[in-house]
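Undergrad: In order, the protein sequence lines correspond to chains C and Y.
The end of the first sequence is residue 766 by this note's numbering, with every number in the run present.
The end of the second sequence is residue 766 by this note's numbering, with every number in the run present.
There are 2 protein chains.
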Amino acid sequence: MNNDIDLSQIKSPADIRKMNLQELTVLAAEMRSKLLEKLSAHGGHIGPNLGMVEAIIALHYVFDTPEDKIVFDVSHQTYPHKMLTGRMEAFTDPAHYDDVTGYTNPAESEYDLFSLGHTSSAVALAAGIAKARDLKGEKENVVAVIGDGSLSGGVAFEGLDYGATLGSNFIVIVNDNQMSIAENHGGIYADLRLLRNTNGTAEPNLFRSMGYAYRYVNYGNDLKSLIEMFRAVKDIDHPVVVHINTMKGMGLPVAEANKEEFHYGSPFDLKTGEPLHPEMPDSPEDYGEFFGRHISDVIKENGKVVAITAGTPGVLGFDPARRRAAGRQFIDVGIAEQAAVDVASGLAKAGMRPVVGFVSSFLQRAYDQFSQDIALNREAATFVVFYGTMFGMNDETHLGFFDIALLSNIPNLLFLAPTCKEEFQSMLDWALTRQDRLPVIVRTPGGVALSDPQITLLDDYSKPEYEIVREGKDAALIGAGAMFRFMSQAADLLAEKGVNVTLINPRNLSTLDTAALDRLKDFKIVITAEDGIVDGGYGQKVASYLGEAPVKVVNLGLPKEFLNRYNYSELQQRCGLTPAQIADKVLAELK
Amino acid sequence: MNNDIDLSQIKSPADIRKMNLQELTVLAAEMRSKLLEKLSAHGGHIGPNLGMVEAIIALHYVFDTPEDKIVFDVSHQTYPHKMLTGRMEAFTDPAHYDDVTGYTNPAESEYDLFSLGHTSSAVALAAGIAKARDLKGEKENVVAVIGDGSLSGGVAFEGLDYGATLGSNFIVIVNDNQMSIAENHGGIYADLRLLRNTNGTAEPNLFRSMGYAYRYVNYGNDLKSLIEMFRAVKDIDHPVVVHINTMKGMGLPVAEANKEEFHYGSPFDLKTGEPLHPEMPDSPEDYGEFFGRHISDVIKENGKVVAITAGTPGVLGFDPARRRAAGRQFIDVGIAEQAAVDVASGLAKAGMRPVVGFVSSFLQRAYDQFSQDIALNREAATFVVFYGTMFGMNDETHLGFFDIALLSNIPNLLFLAPTCKEEFQSMLDWALTRQDRLPVIVRTPGGVALSDPQITLLDDYSKPEYEIVREGKDAALIGAGAMFRFMSQAADLLAEKGVNVTLINPRNLSTLDTAALDRLKDFKIVITAEDGIVDGGYGQKVASYLGEAPVKVVNLGLPKEFLNRYNYSELQQRCGLTPAQIADKVLAELK
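1) Report all residues from its chain with a CB closer than 8 Å to the CB of Met527(Y); omit the five preceding and five following residues, and keep chain order.
2) Just verifying my parser: in three-state terms, what is the DSSP assignment at Pro414(Y)?
3) From Gln756(C) to Leu652(C), what distance separates their C-alpha atoms?
4) Which same chain residues end up closer than 6 Å to Ala319(Y) when comparing Cβ atoms and leaving out the 5 residues on each side of it in sequence?
5) Enumerate in chain order the residues of its own chain whose CB-to-CB distance from Tyr394(C) is below 6 Å, with the five nearest sequence positions on each side excluded.
6) Are the CB atoms of Phe545(C) and Val490(C) within a distance shorter than 9 Å?
7) Taking all protein chains shown into account, do 16 or more other C-beta atoms lie within 10 angstroms of the C-beta of Ser183(C), making it buried, or fewer, making it exposed?
8) Taking 9 Å as the cut-off, decide whether the C-beta atoms of Gly712(C) and Ala541(C) are in contact.
9) Using beta-carbon positions only, say whether Leu591(Y) and Pro379(C) come within less than 9 Å of one another.
10) Just verifying my parser: in three-state terms, what is the DSSP assignment at Ser627(Y)?
11) Determine the burial state of Ala782(Y): buried for a count of at least 16 other Cβ atoms within 10 Å of its Cβ, exposed for fewer.
12) Quick one: measure Cβ to Cβ for Asp287(C) and Asn344(C), integer angstroms, because I've assumed they're closer than 8 Å.
13) Can you find the residues in the same chain that come closer than 8 Å, C-beta to C-beta, to Arg406(C), ignoring five residues on each side of it along the sequence?
14) Measuring straight from C-alpha to C-alpha, what distance separates Ser535(C) and Phe466(C)?
15) Checking 9 Å against the spacing of the C-beta atoms, do Val160(Y) and Lys306(C) come in under that value?
16) Can you tell me whether DSSP reads Lys193(C) as helix, strand or coil?
17) Suppose contacts are defined by Cβ-Cβ distances below 9 Å. Is Val249(C) in contact with His217(C) by that definition?
18) Express the C-alpha separation of Glu723(Y) and Phe566(Y) in angstroms, rounding to a whole number.
19) If you measure beta-carbon to beta-carbon, which residues of the stretch 583-614 of chain Y are closer than 9 Å to chain C?
20) Runs of 3 residues minimum, wholly inside the stretch 493-523 of chain C: which ones carry the beta strand (DSSP E) assignment?
21) Just verifying my parser: in three-state terms, what is the DSSP assignment at Lys760(C)?
22) The alpha helix (DSSP H) spanning Ile164(Y) covers which residue range?
23) Helix or strand or just coil, what does DSSP make of Phe443(C)?
24) Which residues of the stretch 511-526 of chain Y have a Cβ closer than 9 Å to any Cβ of chain C? Give them in chain order.
25) Buried or exposed, going by whether 16 or more other CB atoms sit within 10 Å of the CB of Gly673(C)?
26) How would you call Gln748(Y), buried or exposed, if buried means at least 16 neighbouring beta carbons within 10 angstroms?
27) In three-state terms, what does DSSP make of Asp706(Y)?
28) Assuming the contact rule is C-beta atoms closer than 8 Å, Val623(C) and Asp461(C) should be a hit. Round their C-beta distance to whole Å, please.
29) Count the other CB atoms, across all protein chains shown, that sit within 10 Å of the CB of Thr631(Y); report buried if there are 16 or more and exposed otherwise.
30) The beta strand (DSSP E) spanning Ile616(Y) covers which residue range?
31) Along chain C, in chain order, which residues have C-beta atoms closer than 7 Å to that of Phe332(Y)?
32) Can you tell which of Gly312(C), Asp548(C), Thr340(C) has the C-alpha that lies nearest to the C-alpha of Arg612(C)?
33) Strictly by DSSP, which residues pair up with Glu642(Y)?
34) Do Asn584(Y) and Phe577(C) have their C-beta atoms closer together than 9 Å?
35) Distance check for Gly621(Y) and Gly261(C), CA to CA, integer angstroms please.
36) Could you list which residues in chain C have their beta carbon closer than 8 Å to that of Pro620(Y), in chain order?
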């Protein structure tokens, strides 16, 4: 076996097209080895990338990229693709590990067609590219790569449905590793299993029923099988699904055995799989853990409470043990945010107490359901937002600061922004036991569940009622959610200088407490701060309401931009959100 | 044949459960006759209701409603359901025609579970109800009724995928009338056709592949067949799809023959099908017709322009003749808004010039795609919004005044609000020929395409540049889109009283023209008006920007409420949006 592949010499797919199968096999082994080194030292999407090394080599070996077009769904499995398309150094040299993002990115390479991080869109996007090719009379192959977990998202189905009508070259690779982030849920997975168990021969066949020719590769980590199949479908003149059976986490036994845990991870010991930087026993909980622990207890007491996730149980703190304990009171609908919201609506309609947990960035995948099926119908479901903060995910595809503007402008929907874990729990418990027909959003304040024993809790959060934490004059600081802490610190700084300001925790971001605001009309300045974009958010409602009053209003928050991999404290500074900046703003106005 | 059914005696489904088949047949005929009378005199959803008379009778005959639960998708086919559930008079007595809405409505009846008007959600909603039933240990039947056209929406697939896992009673009736609003598009429709052509026996079978048992009724307008089938599946202990083949427009030959035209219609002559109130030859075009005519011409000249709809070609003015003429440059993806946006993204990525037309209320079904696949990726696609106005659809499910707040807060997305047809065409033509990578929304101003020859058009709309239509002092009126006309009229009223105000057409609702606004800082009052909700909208951005300036800012627009069947002029008055009210507001401030 040739074992002297020099990875540094692979600058583009052309460099692997000269290789024979033996060399490609060595290449795969070396790439996987480098991936393991980087992933264990640096963290990232572990299982998805380890499972796709061979398939991505085979794709670039057989197809004439970049003329042939490949759209990777979610694109969290594209580390091997980046290694083959001019970015090898970012995986072999620790000094360059951060040169590339974790997703495809057109700014990095012409081989990356889109910046993608949300699931299920690749088929429809690729269908548009294929349609353009046909209209232009061109002939390149168009390939969409989508995982079995992503297939449950509605837009994947919409894209498949449209793609089937193209009547021309359109190749959908279904990467079936028998997993979503956690285990799969949904009726289609029985069919995928049947197809795997029959070497692709069984009926019914989801893909044929949608109008696709269908091919199956049982050894989806075998280069020879993959290359033969991709050659067989290259330049095909009609839509085809190639279903490949792969091993998530391939090559890292602990990841093969613990697929959910090793979907995405922080740095770990390559031998044992143990985290390199374990949490200290006394480190504070994050809100997922806090939620999972608390709701697990609630479920035991209250048979009406049902926790729901759309494919991300870990975000909610529902590890496999808690899922087992919750039994039928825990629902994972798969990656299907629209269904998660509608199932909650149906449960609430029938008298249950659904509570759905969402990553902030994924809420927007179910906007129509929030508006029509929850808010318009006033179904008493509760939604908990995780990572809805500038201090959360900082990839441009997963930003957590759009959800206030997104959801607080929907009628009938109560948007609550607790400032600490005590308030979060109080609001959550109220939401799960209230008697009205009010749908409620509770947005966790930042990542770590910090305590504030001073907070004033209410028995009823249905009406807007601002907490006036301290009373001053001339200046008021209104700090929503996680921003309350900075406002409070600014108030302390000002107090040290003898300036006493009013400090407000607004609690409710969807309806103004006009009585509280009326008392500020003759102040010199009101500053609002929210952990979200200013445009369309909470502060602008305050500015509008006080628009005819003499008081000046300043709205602090995030810019309306798709920031990418930003530095948290630099951004806070840029936005004028540090306590010192806020205090200075007040002093400048009052002097 | 018994022919003396007294419809007025039918107060609830219990009243038909005593009937024999012959009586039910007479009932169906009489109900259809009354439906034809009402529809021809009053307008409404014609085809969908005429096609479902027998199926709805059979459902209420066999199932023990309201204990058994039926969720009707879109619910535009529920006129027969309303007739049987205590609301007969609204279909037999012209004086009561407006007593009921055109959709299911829980405020009207316990038989109506949800207020629904957007497609494809019924399966997931019903799955939630079925899950609640199982958790409560109850036994009632849960039925979802969904049309073949609605099946293409992603949330339908998500709901089917989840529903298949219930492992308990769950009955999905697929009403296959071989039509969406227009003809169907998508790979699944070949399978439905195959199933119809084989009396339901063929493989592949979409529903079986998703985990459902499957039954087929070839005569879906035959009461006996339907009753037998519904009896066969009643109390079933697992998920089943019952596929019924119905005739859209059944009983009105002109509707059976012209299914698209008679999906929804205004009053018509029952004998000829001709409209009772035809448009006058010189009546102004609506924006759909204007768009369809104009883009048809553009398509002939420019091979890169592709018009796209998600199942509503008529809204875009693309009647069958224009669709044929446009050929491959017109795409209907079916009711699949997410795919429509993503296919546009793919086309733009490959250098084409896609232009997608949306009803305002349906934009929100693709929010994630607008954000991620269009805006984040800066794909130069163009989106045209129809009925984005308070003067458009006034059903609570189809309101057109949320889209400014929805889309203008997404980064990178240029939201243009033309004020008249000249400006609309100018912005649209620019959007389709510009060289940058800016995605553009162009929102048609109201329903009818009104002319304003005085408007100043630009060669480039990419940068915010307010049109200062007239210059005054102390007061400025900023009127966005259709509201510009009222602001202009208010300015005229004020001029008659010797008060000259500044009048501004902002054109761009996503980015402020800060230079123009800076000139207003020392004015006494700035009033903004937009054809959308105030919260999260354009005016609040102005209020926020001017928050530290001495000028008072008043934001006019719609309340954040799900209004239902409101009166247009009453609402305009309530919102302070009449020219007289606006002028009075200025006078009160200046005096």
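Even for Gly, the Cβ is constructed at its ideal location relative to N, Cα and C.
TA: Taking the coordinates as given:
1) As a first step, residue 527(Y) must be located in the second sequence, where it is residue number 352. Closer than 8 Å at Cβ, skipping near neighbours: Lys479, Val480, Val481.
2) Here the question's residue 414(Y) lines up with position 239 in the second sequence. Note: Pro414(Y) maps to strand in three-state DSSP.
3) Locating residue 756(C) in the first sequence gives position 581, counting from the first residue. Locating residue 652(C) in the first sequence gives position 477, counting from the first residue. Using only the alpha carbons, I get a separation of about 12 Å.
4) Here the question's residue 319(Y) lines up with position 144 in the second sequence. So the list reads Val246, Ala297, Val298, Ala301, Val347, once near-sequence residues are dropped.
5) Counting from one through the first sequence, the residue named residue 394(C) turns up at place 219. Cβ neighbours of Tyr394(C) beyond the five flanking positions: Ser400.
6) If you number the first sequence from 1, residue 490(C) lands on position 315. If you number the first sequence from 1, residue 545(C) lands on position 370. Contact flag unset, no.
7) Here residue 183(C) is taken as the residue at index 8 of the first sequence, counted from 1. Answer is exposed; the Cβ neighbour count stays below 16.
8) Translated into positions along the first sequence, residue 712(C) becomes position 537. Translated into positions along the first sequence, residue 541(C) becomes position 366. It is not a contact, given that the beta carbons lie outside the stated cut-off.
9) Locating residue 591(Y) in the second sequence gives position 416, counting from the first residue. Locating residue 379(C) in the first sequence gives position 204, counting from the first residue. Against a cut-off of 9 Å, the Cβ pair of Pro379(C) and Leu591(Y) comes out as no contact.
10) Here residue 627(Y) corresponds to residue number 452 of the second sequence, with the count starting at 1. For clarity, residue 627(Y) is Asp in the given sequence; the question names Ser instead. Collapsing the DSSP output to three states places Asp627(Y) in coil.
11) Absent from the structure is residue 782(Y), since the part of chain Y shown begins at 176 and ends at 766.
12) In the first sequence, the residue the question calls residue 287(C) occupies position 112. In the first sequence, the residue the question calls residue 344(C) occupies position 169. About 21 Å separates the two Cβ atoms, so there is no contact after all.
13) Reading the first sequence from its first residue, position 231 is the one you call residue 406(C). The residues are Val237.
14) For this step, residue 535(C) is matched to residue 360 along the first sequence. For this step, residue 466(C) is matched to residue 291 along the first sequence. Distance between the alpha carbons of Ser535(C) and Phe466(C): 15 Å.
15) The requested residue 160(Y) is not part of the displayed model; chain Y covers only 176 to 766.
16) The residue labelled residue 193(C) in the question sits at position 18 within the first sequence. Lys193(C) falls in the coil class under three-state DSSP.
17) The residue labelled residue 249(C) in the question sits at position 74 within the first sequence. The residue labelled residue 217(C) in the question sits at position 42 within the first sequence. Taking 9 Å as the Cβ cut-off, Val249(C) and His217(C) do not qualify as a contacting pair.
18) The residue you call residue 566(Y) lines up with position 391 of the second sequence. The residue you call residue 723(Y) lines up with position 548 of the second sequence. Taking the straight line from one Cα to the other gives about 34 Å.
19) Ser583, Asn584, Ile585, Pro586, Asn587
20) Those beta strand (DSSP E) runs which fall completely within the stretch 493-523 of chain C and span 3+ residues are 505-507.
21) Working through the first sequence from its first residue, we reach residue 760(C) at position 585. Residue state, collapsed to three classes: helix.
22) Lying outside 176 to 766, the shown extent of chain Y, residue 164(Y) is not represented and no answer is given.
23) Indexing the first sequence from 1 puts residue 443(C) at position 268. The answer is strand: DSSP assigns Phe443(C) an E or B state.
24) Ala511, Glu512, Gln513, Ala514, Ala515, Val516, Asp517, Val518, Ala519, Ser520, Gly521, Leu522, Ala523, Lys524, Ala525, Gly526
25) Counting from one through the first sequence, the residue named residue 673(C) turns up at place 498. That one is exposed.
26) Position 573 of the second sequence, counting from 1, holds the residue named residue 748(Y). Counting the other CB atoms within 10 Å of its CB gives Gln748(Y) a total below 16, which places it among the exposed residues.
27) Here the question's residue 706(Y) lines up with position 531 in the second sequence. Looking at Asp706(Y) - three-state DSSP - the assignment turns out to be strand.
28) On the first sequence, position 448 is the one that residue 623(C) refers to. On the first sequence, position 286 is the one that residue 461(C) refers to. Indeed they touch by this definition, with Cβ atoms about 6 Å apart.
29) Here residue 631(Y) is taken as the residue at index 456 of the second sequence, counted from 1. Counting Cβ neighbours within 10 Å, Thr631(Y) comes out exposed, since fewer than 16 surround it.
30) Within the second sequence, residue 616(Y) is the residue found at index 441, counting from 1. Its beta strand (DSSP E) spans residues 615-618.
31) For this step, residue 332(Y) is matched to residue 157 along the second sequence. Within chain C, the residues near Phe332(Y) are Gly329, Phe332.
32) Here residue 612(C) is taken as the residue at index 437 of the first sequence, counted from 1. When only C-alpha atoms are compared, the closest one is Asp548(C).
33) Within the second sequence, numbered from 1, the residue matching residue 642(Y) stands at position 467. Paired residue(s): Asn680(Y).
34) For this step, residue 584(Y) is matched to residue 409 along the second sequence. For this step, residue 577(C) is matched to residue 402 along the first sequence. Result yes, Cβ atoms of Asn584(Y) and Phe577(C) sit closer than 9 Å.
35) By one-based count along the first sequence, residue 261(C) stands at place 86. By one-based count along the second sequence, residue 621(Y) stands at place 446. In this structure, the alpha-carbon of Gly261(C) lies about 51 Å from that of Gly621(Y).
36) Locating residue 620(Y) in the second sequence gives position 445, where the first residue counts as 1. None at all; the shortest Cβ gap to chain C is about 21 Å.
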